[in-house]
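Those protein sequence lines, which keep their order, are chains A and B. All the letters of the first sequence, read from the start, carry residue numbers 5 to 336 under this note's numbering. All the letters of the second sequence, read from the start, carry residue numbers 5 to 336 under this note's numbering. One structure below.
Number of protein chains: 2
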Amino acid sequence: MASAASHDGLAIGPGDIERAAARLEGVAHRTPVRTSRTADERCGGALYFKCENLQRMGAFKFRGAYNALAQFSPAQRRAGVIAYSSGNHAQAIALAARLLDMPSVLVMPVDSPRSKLAATRGYQAGRRGSEIVLYDRFREDREAIGARLAAERGMTLVPPYDDAQVMAGQGTAAAELIDEVGPLDLLVVCVGGGGLIAGSAVAAHARVPGIEVVGVEPEAGNDTQLSLARGEIVHIETPHTIADGAQTQHSGRLTFPVIQRLVARIETVSDEQLVRTMRFFAERMKMVVEPTGCLAAAALLEGTIDVHGRRVGVIVSGGNVDLARYAGFLVD
Amino acid sequence: MASAASHDGLAIGPGDIERAAARLEGVAHRTPVRTSRTADERCGGALYFKCENLQRMGAFKFRGAYNALAQFSPAQRRAGVIAYSSGNHAQAIALAARLLDMPSVLVMPVDSPRSKLAATRGYQAGRRGSEIVLYDRFREDREAIGARLAAERGMTLVPPYDDAQVMAGQGTAAAELIDEVGPLDLLVVCVGGGGLIAGSAVAAHARVPGIEVVGVEPEAGNDTQLSLARGEIVHIETPHTIADGAQTQHSGRLTFPVIQRLVARIETVSDEQLVRTMRFFAERMKMVVEPTGCLAAAALLEGTIDVHGRRVGVIVSGGNVDLARYAGFLVD
Chain A
5 MASAASHDGL
15 AIGPGDIERA
25 AARLEGVAHR
35 TPVRTSRTAD
45 ERCGGALYFK
55 CENLQRMGAF
65 KFRGAYNALA
75 QFSPAQRRAG
85 VIAYSSGNHA
95 QAIALAARLL
105 DMPSVLVMPV
115 DSPRSKLAAT
125 RGYQAGRRGS
135 EIVLYDRFRE
145 DREAIGARLA
155 AERGMTLVPP
165 YDDAQVMAGQ
175 GTAAAELIDE
185 VGPLDLLVVC
195 VGGGGLIAGS
205 AVAAHARVPG
215 IEVVGVEPEA
225 GNDTQLSLAR
235 GEIVHIETPH
245 TIADGAQTQH
255 SGRLTFPVIQ
265 RLVARIETVS
275 DEQLVRTMRF
285 FAERMKMVVE
295 PTGCLAAAAL
305 LEGTIDVHGR
315 RVGVIVSGGN
325 VDLARYAGFL
335 VD
Chain B
5 MASAASHDGL
15 AIGPGDIERA
25 AARLEGVAHR
35 TPVRTSRTAD
45 ERCGGALYFK
55 CENLQRMGAF
65 KFRGAYNALA
75 QFSPAQRRAG
85 VIAYSSGNHA
95 QAIALAARLL
105 DMPSVLVMPV
115 DSPRSKLAAT
125 RGYQAGRRGS
135 EIVLYDRFRE
145 DREAIGARLA
155 AERGMTLVPP
165 YDDAQVMAGQ
175 GTAAAELIDE
185 VGPLDLLVVC
195 VGGGGLIAGS
205 AVAAHARVPG
215 IEVVGVEPEA
225 GNDTQLSLAR
235 GEIVHIETPH
245 TIADGAQTQH
255 SGRLTFPVIQ
265 RLVARIETVS
275 DEQLVRTMRF
285 FAERMKMVVE
295 PTGCLAAAAL
305 LEGTIDVHGR
315 RVGVIVSGGN
325 VDLARYAGFL
335 VD
């Protein structure tokens, strides 16, 4: 799906976020914003956690998926949607397709968390023409598989991040956050393919001119950090990190220009830092957050980003993690 | 602390709850009320979860402790407070004492969750005259230890449940829940010594005449259920259950008459049902809930209480559980 309008050369503008918000009204949760005295004392700033782990299907991805599918033509709806994803985008597409009454085909890695496969199958249940196609993320090209199946079946492919309507939908979380807590000095967002941070940056700059937007990638998969340094999209090998939602090999052609323009910089955190942050969320905030969902908070709680005296928005992107795997993270 | 007024023969009345709410305003969190499509589909009713696991120090106990300590005389404040507790009441007293600038002595079982001991010590830190006294809950009488230390040191003893101001404070959670979501048909509350359910029942009946209030105890420790059947307080051996907050041996002299008058009945759930409920909260609602905090929800999710077509309030009482122990519950 191409964006009709161009916005200063970028794929989306503030108006796309507002229209996405209107489509999501009453469908997506307006997720809670939480605070933690302990986190504030540790960082020296005022942190506002936007809890997208409490979003429908457990992650912000529902926002972008629903915003994209809600704009399908009647013919597109009949044929259905196809998507590839390491997990949360698949669940999001499956749930949005169910709500909008269309078939869905999901291309997912064979090593996806079992909980994500099960949840996706649950959303597809009883929907004729719906299925999950498994692939090996270290050997096969999911984009090629998705494109081939889309052509064969006449279904519309909705990529996980490099799509204007997906980006616009993802930006609604940051919009809600700022509308609720007021102007922020800094917004910290995890980075996989860049859909969330691109949408967030557009929404944030429209509300708070001069706001600093910082992205956080896993140390093992810092392709966007490398891309910003080189001034062009850098491709890397599929990174080995516990942050399965950020195992992307490169930014998108639509997301990267937004990141170049509106994101101040990218920081990285280690898997060990993600684990400590997961424990912090469980112990102090009583929340289950998946590894990828800990990226932004880890950069703050571990001192990578200095926030003394600043008002800081933190996107907690999701909470979908197999309980057995999660239990393993909680113990030494 | 004796209650000044008698309320139809009970230790507290609706006015005590309202005054407690005023004292807690801006000090305790007004905790969120959450819902779950999955829970509603499974039960056939509309469940409203009052999330006291997100209360300050991680449990409803802060409400009662602060309400009691806020009414100390200047002399009582100088001498400080003493309390015995399996954990959450200790943390609550330690935090309330810190906020009100008085010393605290806590009598806690040697086998208390390490996280509760550590948190209590943290709240006491730097407060002269504060300490933790450990005892063996299967061999020693904590009430006797508490009474002796209180006499020796001139400190005021605040019992964990059998105190009018503690009961009144605990009732503010149910009051907030009903004020937020409107009239309920049923309110389900966990039962240890009965402070929470007594306060909840007074608050609920004052708001919704005819509301059914049901208590839930661990199967292994159903002393209140036995007491209601016999018409007098029954003492049992310290029960062996994972619900460490409900390992009480008997209802209180003040709480039991309120339960007799305003609680319809007591149901019980097994430790296995508590574990399944803990997993439900983690997987579907992304919340960490301690075993005792799962009692009320377990009776609903496991079908012990039929709620088809009814609007049901569920108190999620706390979220304080050692991460290693919690991890053990999450895996088979």
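For each residue, glycine too, the CB sits at the ideal point set by N, CA and C. Treat the numbers as computed from the prediction; the structure is a model and nothing was measured.
How about residue i: is its C-beta nearer than 7 Å to some C-beta of chain A?
i, result
"B/ALA224", "no"
"B/ARG23", "no"
"B/GLY91", "no"
"B/PRO36", "yes"
Within its chain, find whatever has a CB closer than 6 Å to the CB of residue i; leave out the 5 residues flanking it on each side and keep chain order.
i, result
"A/ALA207", "ILE21, GLY175, ALA178, ALA179"
"B/PRO222", "THR245, ALA247, ALA250"
"B/GLU294", "GLY322, GLY323, ASN324, VAL325"
"B/ALA100", "ALA69, TYR70, LEU73"
"B/ALA79", "none"
"B/MET291", "PHE285"
"A/ALA83", "GLY158, MET159"
"B/VAL316", "GLY49, LEU51, LEU190"
"B/THR272", "GLU221, GLU223, ASN226"
"A/TYR127", "ALA98, LEU99, ARG102"
For chain B, is any of its Cβ atoms less than 7 Å away from the one on residue i?
i, result
"A/GLU2", "Lying outside 5 to 336, the shown extent of chain A, residue 2 of chain A is not represented and no answer is given."
"A/ARG118", "no"
"A/GLU184", "no"
"A/MET5", "Note on A/MET5: pLDDT 41, under 50, position unreliable in the model; no value is reported."
Skipping 5 residues on each side, what residues in its chain have a beta carbon closer than 7 Å to that of residue i?
i, result
"B/LEU266", "ALA205, VAL206, HIS209, VAL217"
"B/VAL212", "ILE182, PRO187, LEU188"
For residue i, which residues in chain A fall below 7 Å Cβ to Cβ?
i, result
"B/ALA303", "Simply none; closest approach about 21 Å."
"B/ARG283", "LEU327"
"B/GLY62", "LYS290"
"B/GLY323", "LYS290"
Against residue i, what residues of chain A qualify as contacts under a CB-to-CB distance less than 8 Å, listed in chain order?
i, result
"B/MET291", "LYS290, MET291, VAL292"
"B/ASN57", "LYS290"
Residue i: buried (16+ other C-beta within 10 angstroms of its C-beta) or exposed?
i, result
"B/HIS239", "exposed"
"B/PHE284", "buried"
"A/GLY48", "exposed"
"A/GLY214", "exposed"
"B/THR39", "exposed"
"A/THR42", "exposed"
"B/ASP140", "exposed"
"B/GLU236", "exposed"
"B/PHE333", "buried"
"B/PRO164", "buried"
"A/PHE260", "buried"
"B/PRO36", "exposed"
"A/GLY130", "exposed"
"A/ARG257", "exposed"
"B/PHE142", "exposed"
"B/ARG118", "exposed"
"A/VAL262", "buried"
"B/ALA122", "exposed"
Note down, in chain order, each residue of its chain lying with its Cβ closer than 8 Å to the Cβ of residue i, except the 5 sequence neighbours on either side.
i, result
"B/PHE76", "VAL85, LEU104, MET106, THR160"
"A/ARG132", "PRO107"
"A/LEU230", "VAL238, ILE240"
Which residues of chain B have a Cβ atom closer than 9 Å to the Cβ of residue i, listed in chain order?
i, result
"A/LEU334", "LEU327, ALA328, TYR330, ALA331, LEU334"
Taking Cβ-Cβ distances shorter than 8 Å, what residues in chain B pair up with residue i?
i, result
"A/ALA286", "VAL292, LEU327, TYR330"
Would you say the beta carbon of residue i is closer than 6 Å to some non-hydrogen atom of the ligand MN?
i, result
"A/THR296", "In the structure shown, the ligand MN is absent, as is every other ligand, since no ligand is present at all."
| said: When you compare the stretch 60-69 of chain B with the stretch 136-147 of chain B, are there three or more beta-carbon pairs, one atom per stretch, that lie closer than 8 Å? | reply: no
| Are the stretch 150-160 of chain A and the stretch 269-281 of chain A touching by the rule of at least three beta carbon pairs closer than 8 Å? | no
| task | Report yes or no: do the stretch 15-29 of chain A and the stretch 163-171 of chain A share at least 3 C-beta pairs separated by less than 8 Å? | result | Using a C-beta cut-off of 8 Å, the stretch 15-29 of chain A makes contact with the stretch 163-171 of chain A, since at least three inter-stretch Cβ pairs fall below that distance.
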